[in-house]
Each structure stands twice: as structure tokens, then as C-alpha cells.
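Residue 72 in full-length UniProt numbering is what sits at position 72 of the sequence shown, and the numbering runs on without skipping anything. A virtual CB, placed ideally from N, CA and C, is assigned to each residue, including glycine. Quantities reported herein were computed from a predicted structural model and do not represent experimental measurements. Worksheet for the structure shown next.
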Amino acid sequence: MGTLRLAEERGLTPQSANHFPLHLIRSLRSDQTPGTLGPGLKQGQELILVCTPVFPLSCVVQQYAWGKKGSNSEVARLLASSDPLAQISEDKPYAELWMGAHPRGDAKIFDNHVSQKTLGQWIAENQDCLGSKVKVAFKGKLPFLFKVLSVETALSIQAHPNKELAEKLHFQAPQHYPDANHKPEMAIALTSFQGLCGFRPVEEILTFLKKVPEFQLLIGDDAATQLRQSVRSDPQMVTSALRSCFSHLMKSEKKAVAEQLNVLVKRISQQVSAGNNMDDICGELLLRLHQQYPGDIGCFAIYFLNLLILKPGEAMFLEASVPHAYLEGGKKKNEKKGSARRNPF
């Protein structure tokens, strides 16, 4: 929220006063201030209150196709509550609200005391607001992006590069990777929220290979056998076998994927119609994802990745290089600015 300093009028240092606009400096008398002022402060002594500016922002809304539409979206409701002139279209998606200085969504300062500019421009001119450590470490730029997401349909499966790879990708293709930061995320649920995050324990994946023959067929017998044998090996062998299985799935021919998905969907639908519970193979989730993205190879990813269901207020942390996908619900997300590599959905 900013830095707050109290100092005696004559003892106020340039560091604590000269870098702030005059309208942000307020003189108070301690005999007019209720409560205990603290050690060394005397009755009647003039104090100066200096604080970093706090101003409202006009934030950027991203209307990605997976967002909830109209006033059903928390993003749209937040937009309407903060901007009386905002017009919400009930037939358009409102997926993300960005609060930060990202090149593709730099918030605008909405304050009569500050000349009209973006948050990124203001920070560039007032870099001390970041604090000395952040200023040096991130070269005078805001290192995070705060978002609110409202998810109607599943997002693509993605994994953010680590810092070293992010710098390389930014150098090679800045049009696709607008900055050089890695992108760990902290996601906090505002409503009930579903997401995929990180690889399941190998034992769970092996169970799905046994119970879902359509999944086994796409992975292939050799890769599946390698994964089974790796359980008795060192972690490096497990990682190698898991990489092989996931690669086999993602490189499967579209025709084969569509055929096996149709077979699996038909089998699950018949069992559900007969009153049988198919939770042991994530039946309800697979049917929902297939309805959203028919024939998409990402539907099979639910057998590789952990399914997390968050209650409001619960959170999950996503480190760089961890595959994940948000499936349904509303959340706020704090992420370091950076890039992502995406797969289906």
C-alpha cells in the first residue's frame, strides 16, 4: 500500500520528503492526534506525515474466449463497480482483469493529482517506490502482475519457462515473449475452483493406464512398460519414463486421438446412464472437457496431471516449468511477469 513516515519538521530528510509531490505532505500537530504517538514525541510538537501516493487505476480487461460472459463474470462485475462509464456486454466474455504494468496490459492512473499516464510510465519516473532491493533486482520495473480470472471453459495446458529459458526466448522472439522473467504463480480461489497442476504420482498414472485402455493405446506399450519398470528405479529414470509417456500422447495423430476419445466418451456415457459411478477414471470431468473441446488431445491430460479442487480462500502455488491448466471457477492470481508455452486444450 505504500510507505508511511513520521518525522519532526526540522529533522525531515530529503530521502523522506523531497521525492514526493507537495499534495502528499501533510502537517499535523501531535496535540490534535488521538492515541499514543510513540517514544520521543512530545505534546504540541509539529509532525509531518509523508506517504507514497495511492491512486486508483483503470485496469485492462482481457476478453479471452474461455471467460465467463457478461455480468456472470466476476471480472465484469469488478469492472462495472470501479468504472461507472463501463458498459458490460452480456454476450461477450470477460476473462481476466489485469492490475499491473505488463506491456500487453499496462493499467492507467486515474487521479486528478497525477498527469495522465500508465502505471508503467509512472514507475519508470518514480523508481524509488519499488524499494531499493526490487529496484535493483528487476531493473526498475514492477516484477509481478496481479489478475482476477473468471473461467467458464478450460484454459490451455501450459508450463512457464524458468528464468534462464525465459531470457533466451525473449531474446529470440520478443513478439511472443514480451519480457525476460520467469512466471511462478500464486492462485487464490474466489469461488469453488478446479485446476490441473503438476504430474500425478506414477502409481496413479499406472492405475489409469490399466483402467483406461484408450489412454494406454495412445501412450503405446513400450512407453507404458518403461514407466512401470521405472517405479523400482531412481527418480531420474522415473522422470525420463514419464517424459516419454507424455511425449507419446502429445505427438499422437489427431485421427487416433479423436477415435479413442469417442470410444472412451461412449463407454463412460453408457456407464453413467446405467447409474454407475465413473469417478475412478474422472468420468464426469472427461465428458465435460470433451463437450467443450471435442477431439482435443488435452482431454487425456487429466490422467497425467493432479486434479485440484479449491474452496474459496484456498490457494495453490505454481512454480516455473510445472504444467497446469485452469478448468472452472473464479480466482485471483499473482504472477511474476513472463512467458508461457501452451498445449491443447
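Separation of residue j from residue i, as counted between CA atoms
i	j	result
LYS183	GLY275	43 Å
LEU227	TYR293	28 Å
ALA315	PHE199	18 Å
MET237	LYS251	21 Å
GLN121	ILE109	10 Å
GLU268	ASN277	Glu is not the amino acid found at residue 268; the sequence shown has Ile there. If I take the Cα positions, the gap works out to 9 Å.
TYR326	THR225	30 Å
LEU142	ALA76	25 Å
PRO312	PHE193	8 Å
GLY131	LEU119	16 Å
ALA80	VAL114	23 Å
PRO161	GLN172	14 Å
GLY100	ALA107	6 Å
GLU164	ALA320	11 Å
GLY67	ASP234	42 Å
PHE208	LEU242	14 Å
SER156	GLY298	8 Å
ALA223	SER240	10 Å
ASP111	LEU57	8 Å
ILE88	SER82	12 Å
VAL231	SER244	14 Å
ASN72	TYR94	9 Å
GLY220	GLN62	40 Å
PRO178	LEU169	9 Å
GLY295	LYS255	9 Å
SER210	GLU74	For the sequence presented, residue 210 should be read as Lys rather than Ser. Cα-Cα distance, rounded: 41 Å.
ILE48	CYS129	The predicted position of ILE48 is uncertain, since its pLDDT is 48 and thus under 50; a value taken from the coordinates is nonetheless stated next. Approximately 19 Å between the Cα atoms of the pair.
ASP279	LEU78	36 Å
GLU284	GLU253	25 Å
CYS154	LYS266	The amino acid at residue 154 is misidentified as Cys; the sequence shows Ala. Rounded to whole angstroms, ALA154 to LYS266 spans 21 Å at the Cα level.
VAL272	GLU90	34 Å
ARG288	THR191	19 Å
PRO174	TRP98	20 Å
Test item: CB-CB of residue i and residue j under 8 Å
i	j	result
HIS290	LEU249	no
LEU286	LEU308	no
ILE205	TYR303	yes
LYS133	GLN127	no
ALA159	ASN181	no
VAL202	ILE281	no
PHE300	PHE215	yes
GLY195	HIS324	yes
CYS197	VAL322	yes
8 Å contact criterion, which residue i and residue j should meet: CB distance rounded
i	j	result
GLU185	VAL148	Rounded, the Cβ-Cβ distance is 13 Å, inconsistent with contact.
LEU145	HIS176	In fact, because the Cβ distance is near 17 Å, the residues do not count as touching under 8 Å.
LYS69	LYS92	6 Å
VAL60	GLY105	4 Å
LEU305	VAL257	Contact doesn't hold; Cβ gap of about 17 Å is too wide.
LEU318	ALA187	7 Å
ALA137	GLY329	No, ALA137 and GLY329 are not in contact; Cβ-Cβ is about 33 Å, not under 8 Å.
Bridge partner(s) assigned by DSSP for residue i
i	result
SER58	LYS108
LYS68	TYR94
LEU310	PHE193
LEU130	Paired residue(s): none; LEU130 is not in a bridge.
ILE281	For ILE281, which the question treats as bridged, DSSP gives no partner whatsoever.
LEU318	GLU185
THR305	In the sequence as displayed, the identity of residue 305 is Leu instead of Thr. BP columns for LEU305 point to PHE199.
HIS102	GLY105
ALA325	LEU196
Residue-chain proximity (residue i, chain D), Cβ-Cβ < 8 Å
i	result
GLN292	No chain D is present in this structure, which holds just one protein chain.
Report task. Note down, one range per segment and in chain order, each alpha helix (DSSP H) of at least 4 residues found wholly within the segment 223–254. Result -> 235–250
Query raised in the report: Which whole runs of the alpha helix (DSSP H) in the segment 179–218 are 4 residues long or more, in chain order?
Result: 202–211
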